[in-house]
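Heads up: the first sequence is residues 47 to 934, going by my numbering.
Heads up, the beta-carbon is just placed ideally off N, CA and C, and yes, glycines get one too.
Every value quoted in this text rests on a predicted model; they were computed, and no experiment measured them.
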Amino acid sequence: MNKQDKLLLIDGNSLMFRAFFALHNALDHFTNHDGLHTNAIYAFKTMLDDVLKQVEPTHILVAFDAGKTTFRTAKFEDYKGGRAKMPSELAEQLPYMRQFLDAYGIKWYELKDFEADDIIGTVAKDAEAAGFKVTIITGDRDLTQLTTANTTVEVTVKGVKQLETYTPEHVQEKLGIDPKQIVEMKGLMGDTSDNYPGVTKIGEVTALKLVKKYGSIAALYDNIDSMKKSKMKENLINDQAAAFMSRDLAQIRQDAPVTVQINDLVYTGPNLDALIDFYKEMDFKSFLSALDADTDAATAAESDVLTYETLTSANLKDIEALQGPQAFLVEMLADNYHSATLDGFAIGNGNKWYVSNDVNLLSDPILKNWLMAKDQEKYVFDLKRTYVALNRLGIQIQNVTFDLLLASYLLDTNENSNDLGEIAQLHGYTAVQTDEVVYGKGAKRAIPSDQSIYYDHLAKKVRAIFELRDKLMAELDKHEQTDLFKHLEMPLALVLANMEIAGITVDATRLVKMQGEFKSQLEIIAGDIYDIAGTKFNLNSPKQLSEILFEKLQLPVIKKTKTGYSTAVDVLEKLRTASPIIDNILKYRQISKIQSTYVNGLLKQIYPDHKVHTRYLQTLTQTGRLSSVDPNLQNIPVRIEEGRKIRQAFVPRHPDWEIFSSDYSQVELRVLAHISGDENMREAFRENRDIHANTAMKIFNLKDASEVTPDMRRQAKATNFGIVYGISDYGLSQNIGITRKEAKRFIDAYFEQYPKVKLWTEDIVKSAREKGYVETLMHRRRYLPDIHSKNFNLRSFAERTAMNTPIQGSAADIIKVAMINMAAKLKEANLQAVMLLQVHDELIFEAPQSEIPVLEKLVPSVMDSAVKLAVPLKVDSGYGKTWYDVKK
DNA sequence: GTGGTCACG
DNA sequence: ACGTACGTGACCACC
């Protein structure tokens with residue numbers, strides 16, 4: 047027996063499930079030539095390699111459950127009752143999973159009447175006795191009871207990559223008990239997912255308290271008489287049998303009649319021939335090429351020396367002879383394409399690949415005409431980026447029909463990488479490297495000194511765009527997203543590009559004046575604070591501030607963060623009366639936020655044309671909204687007067703022009719009225735009633751709208767928002783400062799008034815569970831893998847997301863349609879007005895005074911007719927000399 | 001790079 | 001019983 051011997055025990059069933067759901071999003075990508083799903087096997091293999099590398103075991107065993115009935119179901123019929131059936135897409139992979147393990151040279155084992163846990167428990171015990179170090183990998187926390195000095199349990203946290211390591215110390219730290227005592231805890235608290243009861247009203251917290259006090263269930267019942275009278279004591283007495291039974295069910299057996307010998311478990315690596323055959327059967331091309339064996343894929347990889355031609359003024363004319371759609375790429379290493387240096391470009395469609403680092407060629411009439419030719423179809427990666435970059439050279443690229451980045455985002459919003467190489471790999475295409483690999487990252491990021499490496503990368507990138515096009519278009523079609531892609535996101539990219547290029551004018555003089563005013567205000571407030579505190583400190587440091595408040599001044603602690611005491615607004619609000627320092631701190635925070643983010647921050651972003659040119663991120667959010675960066679123009683202050691003044695610095699490009707703005711009124715609630723089909727809510731909107739007052743009447747049980755006070759309306763409004771966010775009584779109670787009970791009553795009354803809204807929330811969660819995703823009006827899709835999680839928090843979050851995303855996402859769809867139509871109308875009507883900004887439910891323009899009356903009619907009519915819903919859309923407009931002066 | 005805080009819809 | 005609203009980005013301190 048070698049001292050280095052290390053046994054790896056894998057909970058096969060648990061990890062198969064993890065692997066399956068980790069790539070559940072990509073279920074459609076992973077099928078072989080026979081239509082067999084392969085995602086679980088693929089993910090399992092990836093994870094296994096990770097684990098092998100980390101653990102470096104000498105022996106391995108994968109344990110599986112043998113069937114539905116075990117000695118536990120014999121004891122308790124309902125054990126694991128009510129569990130959802132294994133999805134058929136996973137069940138069909140099980141036999142192949144075993145084939146894979148055989149080919150990988152890994153022993154697997156199952157035992158009639160026992161679960162995988164018991165096999166693992168038994169083998170772990172035997173192996174330890176034989177002097178092994180044991181590592182157990184599972185997704186099931188219950189196995190942590192097997193933790194000892196020589197046995198470590200690794201529990202998968204999220205997906206399959208991240209592992210939480212349980213040692214006896216870690217169990218002690220987390221739960222405050224011994225690993226062996228976990229079954230005592232489980233016996234008292236029961237287990238809903240395994241469906242055994244425990245003791246009524248006892249959950250983890252109480253169970254832990256009791257176990258710490260008594261040590262075990264047996265000891266607890268020995269001493270039950272001395273426990274003082276309580277409801278809990280009654281429950282304990284009533285459920286004594288259940289407690290002992292549950293403990294028994296939770297206990298993993300370490301004496302199962304397993305027939306494998308540890309010596310059989312030696313791991314010496316895969317059987318290459320068998321593995322190659324298996325990968326071929328599964329169509330695992332990337333694994334095949336990684337094996338570097340004599341296979342088709344490997345041969346293809348070896349011959350992947352791409353021949354390209356360097357484009358110069360001498361052969362530029364060749365471009366004119368190109369036939370058919372061409373992929374086109376313009377390379378910039380920096381993020382911000384408004385200012386980034388253009389570093390090169392590439393063109394091709396398989397017959398030939400052209401690359402160049404001479405970006406002056408782009409302005410040559412030959413290339414410029416080619417790019418602007420309406421009859422030359424092009425495919426790109428990131429249309430908006432490409433358009434803006436070329437526009438800087440006076441080129442407006444035309445007839446782009448495919449954008450790899452946009453297509454990939456629509457197919458799965460979770461994969462929000464901006465790197466062509468990474469995205470290609472996600473779609474199973476490995477013949478291109480990521481930019482990080484070729485260019486490096488951070489300060490070291492640069493074009494490789496070896497020009498052939500650079501050119502090869504450009505050529506491979508442009509080739510990836512071309513070669514992935516058909517596959518992704520087909521997948522979009524399968525998702526019913528062709529329209530969304532072709533007629534919404536692609537045209538929108540150009541609309542956004544033009545908004546970014548237009549930019550909005552910022553009055554720097556105005557900002558500088560504010561900077562001086564805020565500076566002296568801050569100095570005065572800081573002085574007052576230091577006086578009260580009796581010392582100077584860094585007010586911007588939450589850490590230093592909390593020391594002053596909670597240690598020096600001994601104010602009561604309301605809330606803690608991961609790292610210390612919280613000093614957030616809601617905490618300070620509660621401390622207001624405790625010390626005059628609080629009001630000063632709140633004021634200081636407010637002003638210093640405005641100063642640093644909006645005055646100083648904005649000043650840094652102004653270009654020589656006196657404008658800021660934001661970038662809208664079109665492929666980032668999980669819901670389909672846009673986001674705005676460098677600078678973010680979607681969070682300019684408005685709620686508080688001091689901050690709102692920042693808007694005075696946003697002015698039209700000409701002195702006699704105006705800023706004009708229109709926004710949707712309650713668009714999300716209208717979308718909810720539409721998709722839920724709730725007649726009461728629809729009627730309220732059709733009759734143009736005040737929806738918040740309408741809700742207030744119900745939750746406060748009023749007869750007439752005249753009885754609604756402003757405060758009632760405020761609370762009703764919060765309830766309406768709560769519904770959109772996927773409500774909880776606690777969340778609502780925190781938000782409007784009422785008790786949880788009252789909040790619950792509000793919600794119940796709400797659902798009574800809008801019964802179909804309640805039905806819809808239930809249906810959408812159910813549908814998300816079945817399909818694994820939710821959709822918006824325009825078939826924008828968001829996958830929710832956590833909807834199946836055993837972790838309450840992750841699952842609850844996914845459920846709220848299932849409710850919120852169709853609402854927020856459909857609202858995003860609607861304004862996007864309006865923007866496309868709006869851009870067309872402005873052009874058609876030959877107006878000078880320019881669309882500048884989008885702030886989720888609001889569009890902002892600048893225009894000559896003379897056009898204001900036109901816009902006042904045109905913009906609302908375009909916005910409210912963007913889609914036809916079962917309720918009308920309402921739009922409010924206003925205009926003024928600056929953004930601040932826009933009043934509606 | 002991460003966490004706390006706070007600006008917006 | 002669990003720990004809580006949905007979606008973002010920028011700044012500062014601190015490691």
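Buried or exposed: T345, going by 16 or more other Cβ atoms within 10 Å of its Cβ?
On the first sequence, position 299 is the one that residue 345 refers to. Its pLDDT being 45, under 50, T345 is placed unreliably by the model, and the measurement read from it follows with that caveat. T345 should be labelled exposed.
Considering only C-alpha positions, which residue in the set W416, D676, V312 is nearest to L663?
Within the first sequence, the letter at position 617 stands for residue 663. Of the listed residues, the one whose Cα sits closest to L663 is D676.
Which word fits Q369, buried or exposed, when buried means at least 16 other C-beta atoms lie within 10 angstroms of its C-beta?
Counting from 1 along the first sequence, the entry for residue 369 is found at position 323. With fewer than 16 other CB atoms across the displayed protein chains lying within 10 angstroms of its CB, Q369 is exposed.
Give me whichever residues DSSP pairs with Y425 in a beta bridge.
Here residue 425 corresponds to residue number 379 of the first sequence, with the count starting at 1. BP columns for Y425 point to A373, F448.
Does the stretch 862-874 come close enough to the stretch 541-553 to have 3 or more Cβ pairs within less than 8 Å?
yes
Compute the beta-carbon to beta-carbon distance between A916 and G670, rounded to the nearest angstrom, for a pair I have assumed lies under 8 Å.
As a position in the first sequence, residue 916 is number 870, starting the count at 1. As a position in the first sequence, residue 670 is number 624, starting the count at 1. Actually they do not touch by this definition, with Cβ atoms about 21 Å apart.
Measure the C-alpha to C-alpha separation of T197 and L61 and round it to an integer number of angstroms.
Numbered from 1 along the first sequence, position 151 holds the residue referred to as residue 197. Numbered from 1 along the first sequence, position 15 holds the residue referred to as residue 61. Near 19 Å, if we compare the C-alpha coordinates of L61 and T197.
State whether the stretch 524-542 contacts the stretch 448-464, with contact taken as three or more CB pairs (one from each stretch) at a distance under 8 Å.
yes
With a 10 Å radius around its C-beta and 16 neighbouring C-beta atoms as the bar for buried, classify T292 as buried or exposed.
Sequence index remark: in the first sequence, residue 292 carries index 246 (1-based). For clarity, residue 292 is Ser in the given sequence; the question names Thr instead. When all chains shown are included, S292 counts as buried.
Quick one: what does DSSP say F696 is sitting in, helix, strand or coil?
Here residue 696 refers to the residue found at position 650 when the first sequence is read from its first residue. Here F696 sits in strand by DSSP.
What residue from F564, D887, S842 has the CA that sits closest to D709's CA?
Here residue 709 refers to the residue found at position 663 of the first sequence. Of the candidates F564, D887, S842, the one whose C-alpha sits nearest the C-alpha of D709 is D887.
Specify, as a first and last residue, the run of the beta strand (DSSP E) that Q884 falls within.
Numbered from its first residue, the first sequence carries residue 884 at position 838. Its beta strand (DSSP E) spans residues 880-884.
Of the residues G467, E482, F324, V483, which one's Cα is nearest the Cα of T476?
In the first sequence, the residue the question calls residue 476 occupies position 430. Checked all of G467, E482, F324, V483; the closest Cα to T476 is G467.
Per DSSP, I890 is paired with what?
As a position in the first sequence, residue 890 is number 844, starting the count at 1. In DSSP, I890 forms a bridge with S707, L883.
Return the CA-CA distance between Q50 and T211, expressed in angstroms with no decimal places.
Taking the first residue of the first sequence as position 1, residue 50 is located at position 4. Taking the first residue of the first sequence as position 1, residue 211 is located at position 165. Taking the straight line joining both Cα atoms gives about 20 Å.
Would you mind stating whether Y776 and R846 have Cβ atoms separated by less than 8 Å?
To locate residue 776, count along the first sequence from 1; it is residue 730. To locate residue 846, count along the first sequence from 1; it is residue 800. Going by C-beta atoms, Y776 is not nearer than 8 Å to R846.
At a threshold of 7 Å, does L107 count as lining the ligand SAH (C-beta to nearest heavy atom)?
In terms of ligand content, the structure shown is empty, and the ligand SAH therefore cannot be addressed.
Give the secondary structure of A453 by DSSP, where H, G and I count as helix, E and B as strand, and everything else as coil.
The residue you call residue 453 lines up with position 407 of the first sequence. The answer is helix: DSSP assigns A453 an H, G or I state.
What whole-angstrom Cβ distance do T667 and S673 have, given they're in contact under 8 Å?
Working through the first sequence from its first residue, we reach residue 667 at position 621. Working through the first sequence from its first residue, we reach residue 673 at position 627. With a Cβ gap of about 6 Å, T667 and S673 count as contacting.
On the premise that F512 lies in contact with G394, defined as a C-beta separation below 8 Å, what is that separation, rounded to the nearest angstrom?
Walking along the first sequence from the start, residue 394 turns up at place 348. Walking along the first sequence from the start, residue 512 turns up at place 466. Contact flag correct, Cβ pair sits at about 7 Å.
With distances taken from CA atoms, which of D577, Q145, V199, I152 is nearest I166?
Counting from one through the first sequence, the residue named residue 166 turns up at place 120. Of the candidates D577, Q145, V199, I152, the one whose C-alpha sits nearest the C-alpha of I166 is V199.
What is the residue span of the alpha helix (DSSP H) that R509 lies within?
As a working mapping, residue 509 is identified with position 463 in the first sequence. R509 -> alpha helix (DSSP H) spans 497-524.
At what residues does the beta strand (DSSP E) containing T181 begin and finish?
Working through the first sequence from its first residue, we reach residue 181 at position 135. Note, T181: beta strand (DSSP E), 179-184.
Can you tell me where the alpha helix (DSSP H) holding Y150 begins and where it ends?
Here residue 150 refers to the residue found at position 104 of the first sequence. Its alpha helix (DSSP H) spans residues 140-150.
Determine, using beta carbons only, whether A296 and G233 come nearer to each other than 8 Å.
For the purposes of this step, residue 296 is taken as the residue at position 250 of the first sequence. For the purposes of this step, residue 233 is taken as the residue at position 187 of the first sequence. Yes; because the gap between Cβ atoms is below 8 Å, this pair is in contact.
For K52, which of helix, strand or coil comes out of DSSP?
For this step, residue 52 is matched to residue 6 along the first sequence. Correct three-state label for K52: strand.
My guess is that A941 and L540 are in contact by the Cβ rule of under 8 Å, so how many angstroms apart are they, rounded?
Coverage of the chain is limited to positions 47 through 934, which leaves residue 941 absent and any answer about it impossible.
Which word fits T607, buried or exposed, when buried means at least 16 other C-beta atoms lie within 10 angstroms of its C-beta?
Locating residue 607 in the first sequence gives position 561, counting from the first residue. Exposed.
Is the stretch 830-849 in contact with the stretch 514-528, if contact means three or more CB pairs nearer than 8 Å?
Flag = no, the stretch 830-849 and the stretch 514-528 do not touch.
Please work out which residues of its chain come closer than 7 Å, Cβ to Cβ, to K933, disregarding the five sequence neighbours upstream and downstream, and give them in chain order.
In the first sequence, counting from the first residue as 1, residue 933 sits at position 887. The beta carbon of K933 sits closer than 7 Å to the beta carbons of G924, G926 from its chain, once the five residues preceding and following it are set aside; these are given in chain order.
For A112 versus F160, is the C-beta spacing smaller than 8 Å?
Residue 112 sits at position 66 when you count from the first residue of the first sequence. Residue 160 sits at position 114 when you count from the first residue of the first sequence. The answer is yes: Cβ separation under 8 Å.
As a quick exercise: from N241, D724, N837, L436, pick the residue whose alpha carbon is nearest that of V376.
Locating residue 376 in the first sequence gives position 330, where the first residue counts as 1. It is L436 whose Cα lies nearest to the Cα of V376.
Please name the residue in S385, T387, S711, P371 whose C-alpha comes closest to that of N397.
Position 351 of the first sequence, counted from the start, is the residue given in the question as residue 397. When only C-alpha atoms are compared, the closest one is P371.
At the level of alpha carbons, what is the spacing between A343 and L334?
Residue numbering aside, residue 343 sits at position 297 when the first sequence is read from its first letter. Residue numbering aside, residue 334 sits at position 288 when the first sequence is read from its first letter. Legend: pLDDT at A343 = 40, less than 50; position of this residue unreliable, value from coordinates given subsequently. Rounded to whole angstroms, A343 to L334 spans 6 Å at the Cα level.
At the level of alpha carbons, what is the spacing between K506 and T184?
Residue numbering aside, residue 506 sits at position 460 when the first sequence is read from its first letter. Residue numbering aside, residue 184 sits at position 138 when the first sequence is read from its first letter. Between K506 and T184, the C-alpha separation is close to 40 Å.
Here's the rule: buried if 16 or more other CB atoms are within 10 angstroms of the residue's CB, otherwise exposed. What is R431?
For the purposes of this step, residue 431 is identified with residue 385 of the first sequence, where counting begins at 1. So R431 ends up on the buried side.
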